[in-house]
Amino acid sequence: MDAKPRVLVLRAPGTNCDVETAFAFQMAGAIPERVHVLRLVENPRLLYKYQILCLPGGFSYGDDIAAGRILATQLRIHLGEVLQDFCQKDKLILGICNGFQVLLKAGLLTPPEGELGVPATLTWNDSGRFEDRWVYLRVVNEKCVFLRGIKRLYLPIAHAEGKFITRHAEWFCRLEAAGLLVLRYALPPHGSQEDLSAAEASYEGSERELPFPFNPNGSQGNVAGMCDITGRIFGLMPHPERYIDPTQHPRWTRGEAGKEGDGLKVFRNAVEYFC
Amino acid sequence: MLWQVDIRPLPQLPDLVGQSLAVDGVDLGLPQGLSIKTARGFLIQGSLGEGDIRKAILELLCDPVVEQAIFGVVGAAHLNDLIPGYSHLVYVLPRPGVMDPVAQSTQAALRDLGLSAEAVRTFRKFWVSSLTTKELDLLCTKLLANEAVEQTVIGPLRLERLDIGRPYQFSLVEVPIRCMDDDQLVELSRQGQLYLSLEEMRAIRDYFRQLNRDPTDAELETLAQTWSEHCSHKTLAGAIEYEDENGRRHFSNMLRETIFAATEKVRVALGEHDWCVSVFEDNAGVVRFDDDFHVVFKVETHNHPSALEPYGGASTGIGGVIRDPLGTGLGAQPICNTDVFCFAPPDTPYEALPPGVLHPRRVMRGVVAGVRDYGNRMGIPTVNGAIYFDPRYVGNPLVYCGNVGLLPKDKVRKSPQPGDFIVVVGGRTGRDGIHGATFSSAELTSHSEEISGGAVQIGNPITEKMMVDVLLEARNRGLYRGITDCGAGGFSSAVGEMAREIGAVVWLDRVPLKYEGLSYTEIWISEAQERMVLAVPPHCWPELESLCRSEGVEATVIGEFRSTGRLQLFYHGDQVADLDMKFLHRGRPTIVRKAHYRPYCPENAFCGVKWPPDYTDDLYRILGSLNIASKHWVIRQYDHEVQGGSVIKPLVGRDNDGPSDAAVLRPRLDSYRGLAVACGMNPAYGDWDTYWMAASAIDEALRNCVAVGADPARIALLDNFCWGNTARAETLGSLVRAALACHDLAVAFGVPFISGKDSLNNEFRPAGSETTICIPPSLLISAIGIVPDVRNCVTMDVKEPGNFIYVLGTTENELGGSHFCRVRGSVCGQVPRVNPQCARQIFHALHQAIRKGLVRACHDLSEGGLAVAAAEMAFAGGFGLRLFLSQVPHNLSPPDEVRHQVDSLRQRFDREKVHPLALWPEAIPILLFSESNSRFLVEVRPADAPAFEELFIGLPCALVGEVTESSFLEIVGLPLPPPAGIPDEDADFAAPVVIKAPLAELKAAWQRPLDW
């Protein structure tokens, strides 16, 4: 296998984070290529050239009807088989923001329950509007390939429909028990580690949501991202590609940024999976 | 079959839209306890069965985790049931022909599912608790629907089919202008919404008399569009006789002799360092960025449409300005947006509104949502902006939208050639936006909603995004030779302008339409959004066509450039226009206007001095005044980080909530070279003197850029004049006066103006009123500056306790128009002036200090003066400040009697102990709140102080205090002389604290007013 994995960064009408996402993959050591969804629909086998499929952020088809809905339907109808096959071949899929909405609604993270459809969704923020703000995140287990070795992240969100919600509490417990709800909104890491852990422990479980703005949208169980049962398909609302360079941190002038951005680790994990 | 599908939130989930409407309804004066439930829905027309609709719901329309769907044939009883506890059912639908982007996407997605629908329309549906007929009507017109673009149906929806246009029967319309007298000409201009003057109408009549024929309607419209204020700037680029207290001056082209002339002088002075590439010629200004790219910047206004339909007006404003850099050179890639708004105060009582205007709160919400939805969907970060409030914007809100683009160095020149195809790319043409260009030259009345509804467009950002993606690829492959946007005036302006020196033929029947029924003239002048016009060499057409098709973007050849010098239009073989380009572009009679100006020069009388001198309450009130208050509610709704280049965000500091002076971004992710984007504006000063208003706006825009790290030798400016009716000599005079300041300041600072735009006639005539409400003179100065290395950038939040705080610049006795006077209700005093020679030196020295890493924080002093800037720096950084007014550099001279008292004190005591302003109580509010220009507060580490001070030798720069561990802002006043009776040797010149306030409360006062 090529030392550098190839990444298909999928473009659809309204996708708008494809350039910086491709750049992040490149920084992490991959070979990204931005490909229009119509090329893939014309020739689904094109996907086999790549090790990683990435659905970047944006407003695919304007988020008309609901966020990610039309692209999700398109993927299911035209690319259902090839995507299933791609997943089974030990490859990776990453969906960021709108890409997460698409993956979830296309049933790639958790399969649909027949006529009832997918048991979870991303819907309107409790605030009822689009918001751009930075959030603290914590990783709850090691299941997801993209989050290996990461405990905490600080990343921006920019969305209107990011509230994670399941059909009913039982479904939340099932997904949680399966270890799929891997990324959660968290409290700022001020004070001692013990205090923080204790504070966060009190918000564990489906019924305890952190207050706004820590949980920025009212997501059930503070879920910010989830993976599929294999840990190789991952979707998240925050934008890791927007924190690659220290100068992207909102407080880098206060000396709070690291040598490189937190988001880069997510892309590097994807690359290292193939090395 | 016409199906109806209703989608509602599941009963156990909150109805967020309904809840927020109910709150707004009560706000509107409707009874407490008002309750509203909502649904959104789709009307789907086509030969589809019940199974098809079920499939559409399951696979596409409804998300069963959070929503439920019901459906049936339109009119079915179960679709029109009232929910228990609710008394009214209201449907709101877009009017036929109004853009409905969700319906377009849905129709395409249904096709993907194998379901072919003839037509789709969306609707919104509301169940409302019991109201009187009058109350329900109020709710519908003020909150649920906007009649300019939507229709309301109360009760069951009964609809046979969706209107998708009727065939158009061609008949050539000729206008018998040759036989018209003056009255008839005036009537034609008014009735036809041409908005041309009598002189212009006469020129057209005489021209056609010479030709021995009457014009067609298309010819008349083309002339009206091309000669409109919007397209030709005939007033400002015309002849003006100007007079002010300095004498008379004659301009034969006012803009050329002021603003353009300044740029030419600046470029000459810069010599080999001239960095302007293209100024005032293309659709946007172009300056150099780095070895590979230029930067393109344009700011436009979209005021009139936003007054009628805030959401559509603002979104098409941003959509339109994106197409300006895209239509500059061979097309610039959009990298960021700016937006500046002017509204009446959002707390204006409904009773106080003139009839026919929307409530400012609704205007503001709609405008913000419009900019948000268009900018965010386009994936362009909205990084900088401002909002100004003044009651005079009640009938004419202002919406300035800006866009910055990146243009490869070899793509600057366009050169359409005879034989090139005229190609339209992007959206289809519909009946939207007819007469936008001429309408923008008109005064708004309370009836504008009715006559000009067609002037309002709704945009579809995804269409534009797809078009931008494909055009940039086509540009890189060299598939076209010229490009321009199809904005105001539609094809008539775009083709007319591009073919100006050549000639063109256009086959209007080939233009792709949204629906049938448009006349040839409507096709020609429609301002439907998201269209660009290209000049494509015939051999490139096949590749361009296939590239566009590969991304689902429509491209069509609609004509050809021909070296005829004529503009010829055809509709299915019939010639419908044949105009000489010379007459079209040079036949307009020049206007000579009169202009005069008298500044307002009040006494420096005073608005109350407190004793003991405590100004903490004033500071709270100023921080909470609308112009200064935090705009986080707006800022956070904009994606300001997409594209990944964000370096200095609009909100900064310990909690990411302090007000940044300017935004900085890296247009290229592989480089640390950056751009600072900022603006300056202060309509309040215009009531005193528009010269100093303009000068202040320029100084403010520059210092905002410099404060974050831009190189003051590499800042370019844009002007946007929004004014009242310039047919009045005094109104035009106030504009000319501002333009003179633009000239003088640009030359003195050595910064070029690179582009500009004006919007005149921003006046509102309430029903039955003799007088109009005229906006204050509103000059927006936008600035873009080069940041050599973004890693040296500085933010405004204080960083570490123990650091020194310096004031740069001189404080003058300039409280006129200040926020201090406004909260005190005074209109006295002088407005701030600018000393550009001194300011320029301060800017350059500050830039040196920032590049050397000597500056930890820097904030410019603007609205609210020193006290507000200090408060903002402190609460953004989370550390206290202690400042001493006695140290602030000033140029204040107390009244004579005070000076005599000081002199006598100085004879009694140690000279050093007696501050020259000590006995002048008014000095304290001046030092705290004067809004003098060219000033900064700077945080410097003690170790860096000597190096920092050395850079400012000979300039106004003083150490005035320090950053403290405390959570208070503390400002110490001037030392007071000892009370009588105390022996001189015991005299203690104690200085009282004049402001002391906890940071948390200051921040709360600043955040509260617009925390919606």
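Residue numbers (the working numbering), protein chains in the order written: chain G, 5 to 279; chain U, 8 to 1019.
Backbone N, C-alpha and C define an ideal beta-carbon position, used for all residues, glycine too.
- Per DSSP, the continuous beta strand (DSSP E) segment holding G:Trp138 begins and ends at 135-143.
- Approximately 12 Å separates the beta-carbon atoms of U:Met505 and U:Pro425; this is outside 8 Å, ruling out the contact.
- DSSP places U:Leu192 in the helix class (H, G or I) of the three-state scheme.
- The C-beta of G:Gln88 comes no closer than 9 Å to any C-beta of chain U.
- Any Cβ of chain U closer than 9 Å to the Cβ of G:Asn145 would place that residue at the interface, and such an atom is absent.
- Between U:Pro362 and U:Ala774, the C-beta gap is smaller than 9 Å, which places the two residues in contact.
- Of U:Leu966, U:Thr738, U:Glu969, the smallest CA-CA separation from U:Glu250 is found for U:Thr738.
- For U:Ile184, there is no enclosing beta strand (DSSP E), as DSSP marks it with neither H nor E.
- U:Asn768 sits buried, since 16 or more C-beta atoms from the chains shown fall within 10 Å of its C-beta.
- For G:Phe27, the three-state secondary structure derived from DSSP is helix.
- Taken in chain order, the members of the stretch 106-125 of chain G whose beta-carbon sits within less than 8 Å of a beta-carbon on chain U are Lys109, Glu119, Leu120, Gly121, Val122, Pro123, Ala124, Thr125.
- For chain G, the residues of the stretch 790-817 of chain U that bring a beta carbon within less than 8 Å of one of its beta carbons are Val797, Arg798, Cys800, Val801, Thr802, Asp804, Lys806, in chain order.
- Cβ proximity to chain U below 8 Å picks out nothing from the stretch 174-196 of chain G.
- Remark: three or more beta-carbon pairs, one from each stretch, lie closer than 8 Å, so the stretch 379-391 of chain U and the stretch 663-673 of chain U are flagged as touching.
- Within the stretch 213-230 of chain G, no residue places its CB atom closer than 7 Å to a CB of chain U.
- For U:Gln75, the enclosing beta strand (DSSP E) has its first and last residue at 74-80.
- The three-state reading of DSSP puts U:Lys241 in coil, since its state is none of H, G, I, E or B.
- Any Cβ of chain U closer than 9 Å to the Cβ of G:Gln92 would place that residue at the interface, and such an atom is absent.
- Straight across, the Cα-Cα distance linking U:Ile761 with U:Leu333 is about 16 Å.
- Taking one beta carbon from each stretch, the stretch 513-522 of chain U and the stretch 559-566 of chain U have 3 or more pairs nearer than 8 Å; the two touch.
- For U:Val659, the nearest CB of chain G lies under 9 Å from its own CB, placing it at the interface with that chain.
- What G:Leu42 touches in chain U, judged by beta-carbon distance under 9 Å, is Ser557, Glu558, Gly559, going in chain order.
- Within the stretch 369-451 of chain U, the beta strand (DSSP E) runs of at least 3 residues that lie entirely inside it are, in chain order, 389-396, 405-415, 428-433.
- Distance from the CA of U:Val80 to the CA of U:Leu166, rounded to the nearest whole angstrom, comes to 10 Å.
- Proximity of U:Arg680 to chain G, defined by a Cβ-Cβ separation below 9 Å, is not satisfied.
- Counting only unbroken stretches of 4 or more residues, the alpha helix (DSSP H) elements lying wholly within the stretch 266-337 of chain U are 268-277, 310-315, 317-333, in sequence order.
- For G:Gly84, no CB of chain U lies under 9 Å from its own CB, so it is not counted at the interface with that chain.
- Linking U:Leu195 to U:Cys69 through their CA atoms gives a straight-line distance of about 52 Å.
- Per the coordinates, the alpha-carbon of U:Gln575 lies some 10 Å from the alpha-carbon of U:Met588.
- U:Gln908 carries a helical assignment under DSSP once its states are collapsed to helix, strand and coil.
- In chain order, Gly104, Gly461, Leu525, Glu529, Ser533 place their CB closer than 7 Å to the CB of U:Arg438, counting only its own chain and leaving out the 5 sequence neighbours on each side.
- Not one beta carbon of chain G lies nearer than 9 Å to the beta carbon of U:Arg438.
- For U:Ile722, none of the residues of chain G pass the 9 Å Cβ criterion, the least Cβ distance being about 21 Å.
- U:Glu879 has a beta carbon lying at 9 Å or more from every beta carbon in chain G.
- One finds Ser112, Ala115, Ala116, Ile469 in chain U with Cβ atoms closer than 9 Å to the Cβ of G:Tyr65, taken in chain order.
- Along the stretch 624-658 of chain U, the positions whose C-beta sits under 7 Å from a C-beta of chain G are Arg643, Gln644, Tyr645, Asp646, His647, Glu648, Val649, Gln650, Gly651, Ser653, Val654, Lys656, read in chain order.
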